[in-house]
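Residue numbers (the numbering used here): 425 to 717.
Think of the CB as a built atom: it goes at the ideal place given N, C-alpha and C, for glycine as much as any other residue.
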């Protein structure tokens with residue numbers, strides 16, 4: 425009996441990475457007007473951001489319908505396998521509910537976990553799933569551990585602009601205009617499954633400092649568990665520079681505190697996909713990590 429791990433595409437996991445770790449990605453749907461695309465299949469991340477900055481209308485995203493999950497669950501059960509399915513936060517999308525509906529006939533074999541997170545916050549929970557699978561845990565035990573460990577996940581992000589929040593109806597046009605004039609950059613996070621504004625900084629340097637502050641307030645990073653950095657629409661070189669600055673600051677703090685935890689020399693980097701990119705726009709940088717206990 426094998427254990428299959430399934431995630432939706434909002435986890436921003438590359439297809440090659442997923443194949444290497446035997447994880448199945450179910451694409452969510454993105455629509456620009458009447459044109460619909462399967463995220464990561466019909467539309468690459470680079471193509472998405474190129475279209476996003478050119479369009480006047482915000483693209484629409486759709487949850488995965490129950491039948492898509494049911495077909496995969498049925499295939500697994502028919503093969504004698506078990507399933508651990510991890511989804512985007514139920515506070516953000518109806519995808520978790522779709523998976524639960526589909527899993528109802530397979531209660532002994534299929535276990536659905538609400539990540540209560542998004543993008544790389546969901547991804548690092550999926551990475552814990554395959555690590556626990558490699559340790560020999562059953563699907564039920566993996567799901568139990570994920571539901572416990574997800575409480576330690578923190579996602580903190582700096583956004584470049586308020587414009588996409590405005591276009592998505594999250595803030596007023598007047599607030600976005602004033603924010604742009606003052607170079608205000610919001611710092612956001614995921615708290616109890618919801619996206620919340622943690623603070624607003626003036627300029628890129630203050631925004632970066634606020635991100636570090638929020639990471640410290642979370643208790644710091646547990647480098648023994650997965651950590652990822654994601655960027656939206658930036659150049660890879662710019663994102664790498666951000667990581668280098670972040671690690672330098674982390675190492676300085678480690679030395680000042682005589683901390684024995686090992687800060688790595690580099691961090692894994694990926695680009696935000698279409699589902700999350702629709703709402704944050706280009707120019708964002710996010711950290712997802714497990715806080716220290």
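DSSP, reduced to helix, strand and coil, places residue 572 within a helical segment of the structure shown. Between the alpha carbons of residue 425 and residue 573 lies a gap of roughly 25 Å. Using a Cβ distance threshold of 8 Å, residue 452 and residue 547 do not count as a contacting pair.
Setting aside the 5 residues that flank it on each side, residue 621 is surrounded in the same chain by 610 and 612, each with a C-beta closer than 6 Å to its C-beta; the list follows chain order. In the DSSP assignment, residue 582 falls within the beta strand (DSSP E) that extends over 577-582. Between residue 492 and residue 500, the CB-CB gap reaches or exceeds 8 Å. In this structure residue 570 does not touch residue 557 by the C-beta definition: roughly 11 Å separates them, more than the 8 Å allowed. Sequence-distant partners of residue 567 (beyond 5 residues in either direction) whose C-beta falls short of 6 Å from its own C-beta, in its chain, are 508, 535 and 537. Cβ atoms of residue 442 and residue 449 come within 8 Å of each other, at about 5 Å. Spatial neighbours of residue 439 in its own chain (CB-CB distance under 8 Å, excluding positions within 5 residues in sequence) are listed in chain order as 449 and 464.
Taking a 10 Å sphere around the C-beta of residue 474, we find fewer than 16 other C-beta atoms and assign the residue as exposed. Residue 479 places its beta carbon 8 Å or farther from that of residue 700. Bounds of any beta strand (DSSP E) do not take in residue 556; it lies within the alpha helix (DSSP H) bounded by 544-558.
DSSP, reduced to helix, strand and coil, places residue 665 within a helical segment of the structure shown.
Residue 487 and residue 519 do touch by the CB rule: their CB atoms are close to 4 Å apart, below 8 Å. The beta-bridge partner set that DSSP reports for residue 611 consists of 582 and 623.
Partner residues in the beta bridge of residue 507, as assigned by DSSP, are 428 and 534. Distance between residue 575 and residue 460, taken at the CA atoms: about 35 Å. Excluding residues up to 5 positions away in sequence, 706 lie with their Cβ nearer than 7 Å to the Cβ of residue 477 in the same chain.
Taking residue 634 as the centre and dropping the five residues before and after it, the same chain places the C-beta of 611, 623 and 625 closer than 7 Å to its C-beta, in chain order.
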